Amino acid sequence: MNTIHTDILICGAGAAGLTLALDLARRHIAFLLIDQAQAPFAGSRGKGIQPRSLEIFEALGVADRMVAAGGYYPPQRKYRADGGYDEQPSTEAAASSPTEPYGQPLMLAQYLTEGVLRQRLAELGHAPRYGHALAGFEQDADGVSAGVATADGETTVRARYLVGADGGRSFVRKALDIGFPGESMKARALVADLTLSGLERGIWHRWGDGPRQLGLCPLMGTGLFQLQMPVPLEGEVDVSQAGLSAAIAERTGRADLMLHAVHWRSVYEMSSRLAERYRVGRVFIAGDAAHVHPPTGGQGLNTSVQDAWNLGWKLAAVLGGAPDALLDTYEAERRAIAAGMLGLATRLLDAARQQNDLRRGRETQQLDLGYRTSSLSLDERPRGAVPPAALHAGDRAPDAPCHGAAGQPLRLFALLNSGDWSLLRYEPAMPSSPADARRGLRTIDIGAAGELRDDSGHLRDAYGFMPGAMALIRPDGYVAALSHNERSPAMAAYLQSVGLRS
Ligand SMILES: Cc1cc2nc3c(=O)[nH]c(=O)nc-3n(C[C@H](O)[C@H](O)[C@H](O)COP(=O)(O)OP(=O)(O)OC[C@H]3O[C@@H](n4cnc5c(N)ncnc54)[C@H](O)[C@@H]3O)c2cc1C
Numbered sequence: 089m090n091t092i093h094t095d096i097l098i099c100g101a102g103a104a105g106l107t108l109a110l111d112l113a114r115r116h117i118a119f120l121l122i123d124q125a126q127a128p129f130a131g132s133r134g135k136g137i138q139p140r141s142l143e144i145f146e147a148l149g150v151a152d153r154m155v156a157a158g159g160y161y162p163p164q165r166k167y168r169a170d171g172g173y174d175e176q177p178s179t180e181a182a183a184s185s186p187t188e189p190y191g192q193p194l195m196l197a198q199y200l201t202e203g204v205l206r207q208r209l210a211e212l213g214h215a216p217r218y219g220h221a222l223a224g225f226e227q228d229a230d231g232v233s234a235g236v237a238t239a240d241g242e243t244t245v246r247a248r249y250l251v252g253a254d255g256g257r258s259f260v261r262k263a264l265d266i267g268f269p270g271e272s273m274k275a276r277a278l279v280a281d282l283t284l285s286g287l288e289r290g291i292w293h294r295w296g297d298g299p300r301q302l303g304l305c306p307l308m309g310t311g312l313f314q315l316q317m318p319v320p321l322e323g324e325v326d327v328s329q330a331g332l333s334a335a336i337a338e339r340t341g342r343a344d345l346m347l348h349a350v351h352w353r354s355v356y357e358m359s360s361r362l363a364e365r366y367r368v369g370r371v372f373i374a375g376d377a378a379h380v381h382p383p384t385g386g387q388g389l390n391t392s393v394q395d396a397w398n399l400g401w402k403l404a405a406v407l408g409g410a411p412d413a414l415l416d417t418y419e420a421e422r423r424a425i426a427a428g429m430l431g432l433a434t435r436l437l438d439a440a441r442q443q444n445d446l447r448r449g450r451e452t453q454q455l456d457l458g459y460r461t462s463s464l465s466l467d468e469r470p471r472g473a474v475p476p477a478a479l480h481a482g483d484r485a486p487d488a489p490c491h492g493a494a495g496q497p498l499r500l501f502a503l504l505n506s507g508d509w510s511l512l513r514y515e516p517a518m519p520s521s522p523a524d525a526r527r528g529l530r531t532i533d534i535g536a537a538g539e540l541r542d543d544s545g546h547l548r549d550a551y552g553f554m555p556g557a558m559a560l561i562r563p564d565g566y567v568a569a570l571s572h573n574e575r576s577p578a579m580a581a582y583l584q585s586v587g588l589r590s
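Taking my numbering, the leading residue of the sequence shown gets 89, the next gets one more, and so forth.
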């Protein structure tokens, strides 16, 4: 039997697996991305891309392509029994600001999001292998040996690490015997992508209350509508075109809506579950494999993308010689985030059931999530000198519009997006020198004599900088350390612990 050797075997080419693959591809890490499906997923399912995910997609070079392929959420129109209607915004939209370039969520059908990720992956010379199902694996001190079933028989893959990004029913999670405690939400719903006429496209149309609700949302960038409606917990659901036509006529009371085609449909039961562990030795789980929850709030795909974003640079660093303990921070950081997200999705589901309220606010945008309590967060500023509202180690690193030394406009994100660590030195007493250089760490001097000019003070304000202050930024765009002395013992130990050697 032939054996394929690689560094990372990624099981599952959904949003999580594709994001991880793209991050590894740009870091020139060898990987194999497999999926048991014969072809890419074809449904709209997770259609909301939150502002924090757009920032990640910007770093991966695909945000603008996604925005061009989709569109912003239209207002929701709720039809009343008396024939009138009420309208409200679907999302809390803000203009982009100096610190937050993406002010509102993007609507992009999941199959289009995954298509953009695959397109970029192909541009980097990679593609998922469909029709490849992970059938078993075992690990030893040096790596993981996996059996992969294909139409031509079983292949063995030998990898340094395995990542199970294989969805809510995760084979990898079950094979590792990781507990998946939680609860059923005692709710079942139908989602389908339709060609339908008789409805205005610039509105998310909603009818009915409780179990009689029905929503038809225009899928931006396509000619389709996404149908969503609760269905009884038990029994057969008629998902044929005739069955869906009848349900639409009955719940909307409209005889003029014509259903022409059903492109994709799915009936799913909602539950809220969180894996007890995200890592067992050389095997990790990410995305829905690690957490499932109701779709209210549009968090699942986004949280899955961010799991992959957290894990990618750590795997690359450890393959490059960083201590293995760095990989333990993946579970510590991401499991806490998922636990919070499960609570949020459940609260929003209750609001949708009781008050018929499907609006999504700032809390769903994921810009305020971070890792303050992580072992990777170091704050060396004097205690008491930091106002509570100030930026803290572990927070998302804000953007700032600046200028390069040549006077050209330059956003801070354009520098942070390189995938390296960054050390921002604000008006340093001495310029950085070749003697200070560490592999994988980019030093950026800010000020009138530095490479980056903060003429409007946006960067100073966002980071709370005083002359001589510095911020170490992680490869995934979170503040690692805030200090005044890059040579302090704590900073030196920190840099060693993440593999940044001089
Ligand atoms: C109705 C609905 C609406 C939603 N709306 C939103 C939203 O607005 N925003 C949002 O963020 N999320 C939303 N979600 C959730 C979102 O769809 C999921 O969270 C997301 O798909 C998770 O991505 P993933 O990559 O972790 O897993 P998946 O997308 O499930 O991908 C897993 C992949 O693994 C493959 N696989 C499984 N087992 C194996 C194996 N043994 N070998 C090889 N391959 C395997 C599968 O074929 C699949 O391609 C919604 C979900 C639903 C149902």
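Every residue, glycine too, gets a C-beta built ideally from N, C-alpha and C. Just so it is clear, the structure is predicted and the values come from calculations on it, not from any experiment.
Exercise. Cα-Cα, which of Pro497, Ala127, Ala239, Phe145 is closest to leucine 389?
Worked result: Walking along the sequence shown from the start, residue 389 turns up at place 301. Nearest to leucine 389 by C-alpha distance, out of Pro497, Ala127, Ala239, Phe145, is Phe145.
Exercise. Is the beta carbon of leucine 110 sitting closer than 7 Å to the one on leucine 148?
Worked result: Position 22 of the sequence shown, counted from the first residue, corresponds to residue 110. Position 60 of the sequence shown, counted from the first residue, corresponds to residue 148. Cβ atoms of leucine 110 and leucine 148: closer than 7 Å.
For this session: Please determine, among Gln453, Asp543, Phe501, the residue with the shortest C-alpha to C-alpha distance to leucine 495.
Result: Here residue 495 refers to the residue found at position 407 of the sequence shown. It is glycine, not leucine, that sits at residue 495 in the sequence shown. Answer by Cα proximity: Asp543.
Exercise. Measuring CA to CA, which of Arg217, Ile266, Gly256 is closest to valine 245?
Worked result: For this step, residue 245 is matched to residue 157 along the sequence shown. Minimum Cα distance to valine 245 is reached at Arg217.
For this session: Tell me whether asparagine 398 is buried or exposed, calling it buried when 16 or more other Cβ atoms sit within 10 Å of its Cβ.
Result: For this step, residue 398 is matched to residue 310 along the sequence shown. That one is buried.
Exercise. In or out: proline 163 buried (at least 16 other Cβ within 10 Å) or exposed?
Worked result: In the sequence shown, counting from the first residue as 1, residue 163 sits at position 75. Result: exposed.
Exercise. What did DSSP end up calling phenylalanine 313 once you bin it into helix, strand or coil?
Worked result: In the sequence shown, residue 313 corresponds to position 225, counting from 1. Of the three classes helix, strand and coil, the one that applies to phenylalanine 313 here is strand, per DSSP.
Exercise. With 16 as the cutoff for other CB atoms within 10 Å, does glycine 386 come out buried or exposed?
Worked result: Against the sequence shown, residue 386 aligns to sequence position 298. Buried.
Exercise. For histidine 379 versus alanine 426, is the C-beta spacing smaller than 7 Å?
Worked result: Translated into positions along the sequence shown, residue 379 becomes position 291. Translated into positions along the sequence shown, residue 426 becomes position 338. Contact: yes.
Problem set entry | Buried or exposed by the 16-neighbour rule on C-beta atoms within 10 Å, applied to glycine 492 | Counted from its first residue, the sequence shown places residue 492 at position 404. Looking at its Cβ environment, which holds fewer than 16 other Cβ atoms inside 10 Å, glycine 492 is exposed.
Exercise. Which residues in the same chain have their Cβ closer than 6 Å to the Cβ of proline 306, if we skip the five residues on either side of it in sequence?
Worked result: Locating residue 306 in the sequence shown gives position 218, where the first residue counts as 1. Result list for proline 306: Arg289, Phe313, in chain order.
Exercise. Exposed or buried, proline 475, counting other C-beta atoms within 10 Å across all chains shown (16 or more means buried)?
Worked result: Counted from its first residue, the sequence shown places residue 475 at position 387. It counts as exposed.
Exercise. How big is the Cα-Cα spacing for proline 563 and glycine 131?
Worked result: In the sequence shown, counting from the first residue as 1, residue 563 sits at position 475. In the sequence shown, counting from the first residue as 1, residue 131 sits at position 43. Going from the Cα of proline 563 to the Cα of glycine 131 covers about 32 Å.
Problem set entry | phenylalanine 225 - partner residues in DSSP beta bridges | Counted from its first residue, the sequence shown places residue 225 at position 137. Its beta-bridge partners are Ala234.
For this session: Find the nearest neighbour of alanine 410 within the set Glu451, Tyr582, Asp376, judged by alpha-carbon distance.
Result: Translated into the one-based positions of the sequence shown, residue 410 becomes position 322. It is Tyr582.
Exercise. In terms of residues, what are the limits of the beta strand (DSSP E) holding lysine 402?
Worked result: Within the sequence shown, the letter at position 314 stands for residue 402. No beta strand (DSSP E) contains lysine 402, which is instead part of the alpha helix (DSSP H) from 388 to 407.
For this session: Provide the residue span of the beta strand (DSSP E) that contains glycine 303, from first to last.
Result: Here residue 303 refers to the residue found at position 215 when the sequence shown is read from its first residue. In this chain, the beta strand (DSSP E) harbouring glycine 303 covers 302 to 306.
For this session: Kindly confirm or deny that the stretch 569 to 578 and the stretch 451 to 469 touch, where touching means at least three C-beta pairs closer than 8 Å.
Result: yes
Problem set entry | glycine 323 in three-state terms, based on DSSP | Working through the sequence shown from its first residue, we reach residue 323 at position 235. Residue state, collapsed to three classes: coil.
Exercise. Which residues in the same chain as lysine 274 place their Cβ atom closer than 7 Å to its Cβ, once the five residues preceding and following it in sequence are excluded?
Worked result: Reading the sequence shown from its first residue, position 186 is the one you call residue 274. Excluding residues within five positions, the ones whose Cβ falls inside 7 Å are Leu321.
Problem set entry | Secondary structure of isoleucine 425, DSSP reduced to three states | Counting from one through the sequence shown, the residue named residue 425 turns up at place 337. Isoleucine 425 falls in the helix class under three-state DSSP.
For this session: May I ask you to list the residues that DSSP assigns as paired with tyrosine 356?
Result: Stepping through the sequence shown from its first residue, residue 356 is reached at position 268. Paired residue(s): Ala277.
Exercise. Is it true that the CB of isoleucine 373 sits closer than 7 Å to the CB of alanine 247?
Worked result: As a first step, residue 247 is located in the sequence shown; it is residue number 159 there, counting from the start. As a first step, residue 373 is located in the sequence shown; it is residue number 285 there, counting from the start. No, Cβ-Cβ distance for alanine 247 and isoleucine 373 is not below 7 Å.
For this session: Could you say which of Gly241, Gly235, Glu242 lies nearest to alanine 263 if we only look at CA atoms?
Result: Counting from 1 along the sequence shown, the entry for residue 263 is found at position 175. Of Gly241, Gly235, Glu242, the residue nearest in Cα terms is Gly235.
Exercise. With 16 other CB atoms within 10 Å as the buried threshold, where does glutamate 338 fall?
Worked result: The residue you call residue 338 lines up with position 250 of the sequence shown. Counting Cβ neighbours within 10 Å, glutamate 338 comes out exposed, since fewer than 16 surround it.
Exercise. Isoleucine 122 lies in the beta strand (DSSP E); which residues open and close that run?
Worked result: Start at 1 with the first residue of the sequence shown, and residue 122 comes out as number 34. From DSSP, the beta strand (DSSP E) with isoleucine 122 extends over 119 to 123.
Exercise. Using the beta-carbon count (16 or more within 10 Å), is aspartate 591 buried or exposed?
Worked result: As shown, the chain starts at 89 and ends at 590. That puts residue 591 outside it, with no answer to give.
For this session: Could you tell me how far apart the beta carbons of tyrosine 566 and arginine 484 are, in whole angstroms, since I believe they sit closer than 8 Å?
Result: As a first step, residue 566 is located in the sequence shown; it is residue number 478 there, counting from the start. As a first step, residue 484 is located in the sequence shown; it is residue number 396 there, counting from the start. Confirmed, about 6 Å.
Exercise. In chain order, what residues of the same chain have a beta carbon less than 6 Å from the beta carbon of isoleucine 266, not counting five sequence neighbours either side?
Worked result: Taking the sequence shown and counting its residues from 1, the one referred to as residue 266 is at position 178. Within the same chain, isoleucine 266 has close Cβ partners Ala363, Glu364, Arg365.
For this session: Compute the distance between the beta-carbons of glycine 482 and arginine 450, then report whether it is under 7 Å.
Result: Within the sequence shown, residue 482 is the residue found at index 394, counting from 1. Within the sequence shown, residue 450 is the residue found at index 362, counting from 1. Cβ distance not < 7 Å, so glycine 482 and arginine 450 don't count as in contact.
For this session: Can you have a look at glutamine 126 and say buried or exposed, based on whether 16 or more other CB atoms are within 10 angstroms of its CB?
Result: In the sequence shown, counting from the first residue as 1, residue 126 sits at position 38. Classification for glutamine 126: exposed.
For this session: Kindly give me the distance between the Cβ atoms of leucine 282 and leucine 347, rounded to whole angstroms, as I take these residues to be in contact under 8 Å.
Result: Taking the first residue of the sequence shown as 1, we reach residue 282 at position 194. Taking the first residue of the sequence shown as 1, we reach residue 347 at position 259. Confirmed, about 6 Å.
For this session: Answer with buried or exposed for serine 328, where buried requires no fewer than 16 other C-beta atoms within 10 angstroms of its C-beta.
Result: As a working mapping, residue 328 is identified with position 240 in the sequence shown. Under this definition serine 328 is an exposed residue.
Problem set entry | Residue from Pro383, Thr391, Asp412 whose Cα sits closest to the Cα of glycine 369 | Sequence index remark: in the sequence shown, residue 369 carries index 281 (1-based). Checking every option, the nearest Cα to that of glycine 369 belongs to Asp412.
Exercise. Between asparagine 66 and ligand 1, is the CB less than 6 Å from at least one heavy atom?
Worked result: No information on residue 66 is available, as it lies outside the stretch 89 to 590 that the chain covers here.
Exercise. Do you know offhand how far methionine 195's Cα is from alanine 181's?
Worked result: On the sequence shown, position 107 is the one that residue 195 refers to. On the sequence shown, position 93 is the one that residue 181 refers to. Each residue's Cα considered, the two are about 13 Å apart.
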